[in-house]
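Participant: One structure follows; several queries about it will come next.
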Amino acid sequence: MQKKYILEMFPYPSGNIHMGHVRNYVIGDICARYHKLKGDEVIHPMGWDAFGLPAENAAIQFNTHPQDWTLLNIENMKSQLKKLDLDLDWEKELATCKEDYYQYQQELFIDLYEAGLAYKKDALVNWDPEDQTVLANEQVIDGKGWRTGATVEQKVLSQWFFKITKYAEELLNDLDGLELWPEKVKTMQRNWIGKSIGAEIRFKISGEDDQLNIFTTRPDTIYGATFIALSVNHRLVSKFLTKEKINEIKKLFAEIDNEKEKKGYLMDIKCKHPLLDKEIPVYIANFVLDNYGEGAIFGCPAHDERDYDFAIKYKIPIIKVIECEDKDLPFTQNGRVINSPLLNGLEKSEAIKKIINYFEEKEIGNKSINYKLRDWGVSRQRYWGCPIPVIYYEDGTFRVLDKTELPILLPYDVNLNGKGNALLNHDSWRKIVCPKTNKIAYRETDTFDTFVDSSWYYIRFLNNKLDKPFDIKQVNDYLPVDKYIGGIEHAILHLLYSRFFMKALRDIYNLKVNEPFKQLFTQGMITHKTYRTQKDEWIMPREVYLNEGSLFREKTNEIVIEGPTEKMSKSKKNVIEPDEILENYGIDATRFFMISDSPPDRELEWTDEGIQGSKNLVRRIERYFKENRTDMKHDTDKMIEKFVFNIEKNILSFSLNKCVADIYTLFNYLEKEKIYLHNSDISKKILVCLYPIVPNMVLNLYKQLFDSKNIGNWPKINKELLIERSINLPIQIQGKLITTINTKKGYKENEILKSIYKLDKIKNKIQDRKVTKVINVQDKIINIIFD
RNA sequence: GCGCCAGUGGCGGAAUGGUAGACGCGCUGGUCUUAGGAACCAGUGGGCAACCGUGGGGGUUCGAGUCCCUCCUGGCGCACCA
Numbered sequence: 003m004q005k006k007y008i009l010e011m012f013p014y015p016s017g018n019i020h021m022g023h024v025r026n027y028v029i030g031d032i033c034a035r036y037h038k039l040k041g042d043e044v045i046h047p048m049g050w051d052a053f054g055l056p057a058e059n060a061a062i063q064f065n066t067h068p069q070d071w072t073l074l075n076i077e078n079m080k081s082q083l084k085k086l087d088l089d090l091d092w093e094k095e096l097a098t099c100k101e102d103y104y105q106y107q108q109e110l111f112i113d114l115y116e117a118g119l120a121y122k123k124d125a126l127v128n129w130d131p132e133d134q135t136v137l138a139n140e141q142v143i144d145g146k147g148w149r150t151g152a153t154v155e156q157k158v159l160s161q162w163f164f165k166i167t168k169y170a171e172e173l174l175n176d177l178d179g180l181e182l183w184p185e186k187v188k189t190m191q192r193n194w195i196g197k198s199i200g201a202e203i204r205f206k207i208s209g210e211d212d213q214l215n216i217f218t219t220r221p222d223t224i225y226g227a228t229f230i231a232l233s234v235n236h237r238l239v240s241k242f243l244t245k246e247k248i249n250e251i252k253k254l255f256a257e258i259d260n261e262k263e264k265k266g267y268l269m270d271i272k273c274k275h276p277l278l279d280k281e282i283p284v285y286i287a288n289f290v291l292d293n294y295g296e297g298a299i300f301g302c303p304a305h306d307e308r309d310y311d312f313a314i315k316y317k318i319p320i321i322k323v324i325e326c327e328d329k330d331l332p333f334t335q336n337g338r339v340i341n342s343p344l345l346n347g348l349e350k351s352e353a354i355k356k357i358i359n360y361f362e363e364k365e366i367g368n369k370s371i372n373y374k375l376r377d378w379g380v381s382r383q384r385y386w387g388c389p390i391p392v393i394y395y396e397d398g399t400f401r402v403l404d405k406t407e408l409p410i411l412l413p414y415d416v417n418l419n420g421k422g423n424a425l426l427n428h429d430s431w432r433k434i435v436c437p438k439t440n441k442i443a444y445r446e447t448d449t450f451d452t453f454v455d456s457s458w459y460y461i462r463f464l465n466n467k468l469d470k471p472f473d474i475k476q477v478n479d480y481l482p483v484d485k486y487i488g489g490i491e492h493a494i495l496h497l498l499y500s501r502f503f504m505k506a507l508r509d510i511y512n513l514k515v516n517e518p519f520k521q522l523f524t525q526g527m528i529t530h531k532t533y534r535t536q537k538d539e540w541i542m543p544r545e546v547y548l549n550e551g552s553l554f555r556e557k558t559n560e561i562v563i564e565g566p567t568e569k570m571s572k573s574k575k576n577v578i579e580p581d582e583i584l585e586n587y588g589i590d591a592t593r594f595f596m597i598s599d600s601p602p603d604r605e606l607e608w609t610d611e612g613i614q615g616s617k618n619l620v621r622r623i624e625r626y627f628k629e630n631r632t633d634m635k636h637d638t639d640k641m642i643e644k645f646v647f648n649i650e651k652n653i654l655s656f657s658l659n660k661c662v663a664d665i666y667t668l669f670n671y672l673e674k675e676k677i678y679l680h681n682s683d684i685s686k687k688i689l690v691c692l693y694p695i696v697p698n699m700v701l702n703l704y705k706q707l708f709d710s711k712n713i714g715n716w717p718k719i720n721k722e723l724l725i726e727r728s729i730n731l732p733i734q735i736q737g738k739l740i741t742t743i744n745t746k747k748g749y750k751e752n753e754i755l756k757s758i759y760k761l762d763k764i765k766n767k768i769q770d771r772k773v774t775k776v777i778n779v780q781d782k783i784i785n786i787i788f789d
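Just so you know, we're using our numbering here: the first sequence kicks off at 3 and counts up by one.
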């Protein structure tokens, strides 16, 4: 028996499931049911990503408690999921907000800490003023919080970090081995990790016992360096300038007209050029990133666009060191090095190699690799999350707790007023006497980023009742997840964090698993037309009715304007409620429609015609089997065999839309040929194949036809029957199709040519020209060539 | 700007280098009726035809929607990453 771990991304219990969930889970369910019929040992669990800020907001808004709100939502959504006929193993259910989950996460944190993979440091962090919490770099999109959209501020706080950067190289390299992941996701992760190979060069500061370490990918342009630029947050800036001055500069930098505008501030210090006997000026510049490298660059204006713009603005010399026309400046392509005593005449790669060797020899620099990836900041200043098992003493030191001191449970009695962290204000929970030292201590009041929760839930599913995080043998036996299905929006955050966790745990526990998800399938979004009134008020599709070619709103009879088709969203109100659809069309039509109109990895447009078409298909199949007689034709067996083969192939390749086409093709054939199967064995075969897609309908039909609900296993395919004995052979002349002839497979070329040449269509084409070549692709095509 | 993906009928979409448009929706004409959110039959890329047709232009090949080059358009991601 083969194990198949099939997993769909678990939902946040927001209150109700939406169509996106339905599509996601139906796709996964079809896979899981298919594999069960094949006799595989299928693991198909479901759980809840249950910590997170919305619960706190809801608690304030509705005067309830985050826990009560969350658990109620879970119950509600669970009953909704059950209506979808999902073959889930609810015994394995877990919720990350429950202590039987998060206490083991606290254990894992202790493991990570002891392995040197969790650490605390003062850091300039992204502060979301609306959520009043820190965000990871990955959670800041265009300078705004990923959830709130509020402009993120920079703040210095003492924070816990996970050392994901230790795995940067492995996380990057192992992407190559993930053959069953979408290329797109791998590309996004590669870009995020952002590996650059170059050099780190030391620049001495004139008259000071201090130096700068500058990373560059273009050490071949070092002779063209005419200035240094620092980020305003660079160490040396606060060393040489007052706080007031720095704030002044920050204000200056904030006043720019467009994002690319360069601004600088000339400092009083100068740097020595590492190779030339000259000094170059040091600026603070707005375009230098402080979280990349050391936050310092050398400017080579002749061969870098940004440096060029800056040099023009501040009248800094521009020295060409790569051969090019003046009009082409800044010249950033490859070329021969000039004006560089040690490198003249060399091509880029040779020059880079040579200069790095020289730097290393003279100890003024070395080869260096840089990553964009930063360590993962996991502290969140929120109540509704997993507590970090750490205590602080009054002298400022801290202690990570022992596993025997766990669990650290969240207190239920908190005052949620929306201002700051409720744990910080909960004195009786926070203040304790340390059992080891008998000293007064205070608990860590930050909780984990909820992405920590989802980084290992697929491991916990293997045994959600174990009194330790997981069982090593079980992990080795059942991971990786064979098919992981979810939205593309998690391409970086969740999937990268999970990969990191798997590798970190592998090293700590000596596991044999390198990657958590063998195959990743990203399903497309569901879209729908948008509708609004003339007052620009979005309205729901169900409020719209059609009258004499125009759209109107029910009740008010306002004129309705049809907008573009967009992703279903609450704000645009173009949503369809799963409960209503199930009520009106039933589960079978709903499941059919989720896979009918587009391939699962593409957008699915919700249309009334689409769901109605699925409903009609359900009715048609049910009606077909009501016909109480069996009449077969000689090729019926073959047709059915082909059907089984195609359905299987298309389920395995996630081409579920083609499964629907296969079903139509089969019933078109059966009805057109007036073939009725009723309660024959062939009906059993057909129904088994339909079962993964529409289990409800199949079980009902099976009961009616065979007085049983035991549908058995996936049919074994008789390959003999798949072989076509006669074919329609296309005949081409000069590569163009002229006609087709029906013939037996395995025909003899010279024999069939004789009959081909007798055909009028062929004779007319060839006339008396001389045939120079005949290409016979046996049983596929014949192509006749003449001069 | 860089990277990735994609461009096929009125629409969604099928096509291991070998009959382009499977299957569905929509539409047209017809049938039936318990008048339905039904069902059935016929048709549906363009053109009267020869023929022409997979974003444009080249190429490889006996043969290209498919492979190569180039350009255009759209989507997504990243984006002052030194």
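In this text, a Cβ means the ideal position worked out from N, Cα and C, and glycines have one as well.
Quick caveat: nothing in here was measured; it's all calculated off a predicted structure.
What are the boundary residues of the beta strand (DSSP E) that includes G675?
Facilitator: Sequence check: residue 675 is Glu here, not Gly. No beta strand (DSSP E) holds E675; DSSP gives it neither H nor E.
Participant: Does the distance from the CB of N341 to the CB of I321 come in under 8 Å?
Facilitator: Yes, they are a contact pair.
Participant: Are E751 and N712 touching if we call contact CB-CB under 8 Å?
Facilitator: In this structure, N712 does not lie closer than 8 Å to E751 by Cβ.
Participant: Here's the rule: buried if 16 or more other CB atoms are within 10 angstroms of the residue's CB, otherwise exposed. What is K721?
Facilitator: Classification of K721: exposed, given that the 10 Å Cβ count is below 16.
Participant: One question on the structure: do T452 and G489 come within less than 8 Å of each other, judged by their Cβ atoms?
Facilitator: No, they are not a contact pair.
Participant: Whose C-beta lies closer than 6 Å to the C-beta of W386 among residues of the same chain, with five residues either side of it excluded?
Facilitator: Once the five neighbours on either side are set aside, the close Cβ partners of W386 are F53, A57, E58, P68.
Participant: Per DSSP, Q706 is paired with what?
Facilitator: Bridge partners of Q706: none, in fact.
Participant: Between which two residues does the beta strand (DSSP E) harbouring T153 extend?
Facilitator: T153 -> no beta strand (DSSP E), and no H or E assigned at all.
Participant: Between I76 and the rest of its own chain, which residues show a CB-CB distance below 8 Å, the 5 nearest in sequence each way excluded?
Facilitator: Excluding sequence neighbours, I76 sits near P15, W50, A52, A97.
Participant: Under a Cβ-count criterion, where at least 16 other Cβ atoms within 10 Å of its own Cβ denotes burial, should W92 be classed as buried or exposed?
Facilitator: W92 should be labelled exposed.
Participant: For the putative contact between Q141 and G422, defined by C-beta atoms under 8 Å, what is the C-beta separation to the nearest angstrom?
Facilitator: Wrong, their Cβ atoms sit about 20 Å apart, outside the cutoff.
Participant: What whole-angstrom Cβ distance do M641 and Y666 have, given they're in contact under 8 Å?
Facilitator: In fact, because the Cβ distance is near 13 Å, the residues do not count as touching under 8 Å.
Participant: In chain order, which beta strand (DSSP E) runs of at least 3 residues are fully inside the segment 248 to 311?
Facilitator: Listed in chain order, they are 266 to 274, 281 to 287, 298 to 301.
Participant: Just how far apart, CA to CA, sit E607 and L739?
Facilitator: Using only the alpha carbons, I get a separation of about 37 Å.
Participant: F400 to I393, Cα distance in whole Å?
Facilitator: When rounded, the distance between both Cα atoms is 6 Å.
Participant: Which class does I725 belong to by DSSP, given the choice of helix, strand or coil?
Facilitator: In the structure shown, I725 sits in coil (DSSP, three-state: anything other than H, G, I, E or B).
Participant: Could you tell me which residues DSSP puts in a beta bridge with W129?
Facilitator: In DSSP, W129 forms a bridge with V136, E155.
Participant: Return the residue from the list A60, H46, N618, T745 that minimises the CA-CA distance to L88.
Facilitator: When only C-alpha atoms are compared, the closest one is H46.
Participant: Assuming R462 and Y103 make a contact with CB atoms under 8 Å, what is their CB distance in whole Å?
Facilitator: About 6 Å separates the two Cβ atoms, so the contact holds.
Participant: Using the three-state DSSP reduction, which class does N730 fall into: helix, strand or coil?
Facilitator: N730 falls in the strand class under three-state DSSP.
Participant: Kindly indicate the opening and closing residues of the beta strand (DSSP E) around S370.
Facilitator: Element bounds for S370: 367 to 372.
Participant: Tell me whether W378, by its Cβ, gets closer than 7 Å to a heavy atom of the ligand FMN.
Facilitator: Absent from the structure shown: the ligand FMN. Ligands present: none.
Participant: Thinking C-alpha only, which one of E643, T774, N744, I357 is nearest I758?
Facilitator: I758 has its Cα closest to that of N744, out of E643, T774, N744, I357.
Participant: Can you name the residues that DSSP bridges to I207?
Facilitator: Answer by DSSP bridge pairing, in chain order: C273.
Participant: Taking only runs that begin and end inside the segment 412 to 478, name each unbroken alpha helix (DSSP H) of 4 or more residues, in chain order.
Facilitator: List check, alpha helix (DSSP H) in window: 429 to 432, 452 to 455, 459 to 462.
Participant: With DSSP as the reference, identify every bridge partner of I230, one or two as the case may be.
Facilitator: DSSP, once it has assigned bridges, lists V284, F300 as partnering I230.
Participant: Taking the alpha helix (DSSP H) that D68 falls in, what are its first and last residues?
Facilitator: Sequence check: residue 68 is Pro here, not Asp. From DSSP, the alpha helix (DSSP H) with P68 extends over 68 to 84.
Participant: In chain order, what residues of the same chain have a beta carbon less than 7 Å from the beta carbon of N630, not counting five sequence neighbours either side?
Facilitator: Contacts found: H680.
Participant: Thinking C-beta only, is R25 closer than 8 Å to I528?
Facilitator: The answer is yes: Cβ separation under 8 Å.
Participant: How many Å lie between A125 and S240 at the Cα?
Facilitator: Each residue's Cα considered, the two are about 15 Å apart.
Participant: Have a look at the DSSP bridge pairing and note the partners of L606.
Facilitator: Partner(s): I528.
Participant: Look at the alpha carbon of Y459 and the alpha carbon of C99, and state the distance between them as a whole number of angstroms.
Facilitator: When rounded, the distance between both Cα atoms is 12 Å.
Participant: Quick test of your reading: I768 and Q734, contact by CB under 8 Å. State the CB separation rounded to the nearest angstrom.
Facilitator: The Cβ separation is near 12 Å, so there is no contact.
Participant: Are Q476 and L495 touching if we call contact CB-CB under 8 Å?
Facilitator: Result no, Cβ atoms of Q476 and L495 do not sit closer than 8 Å.
Participant: Out of H428, V773, E407, which has the shortest C-alpha to C-alpha gap to N417?
Facilitator: Ranking the options by Cα distance to N417, first place goes to H428.
Participant: Considering only the alpha carbon of each residue, which of R192, D599, K674 lies closest to T638?
Facilitator: Closest by alpha carbon: K674.
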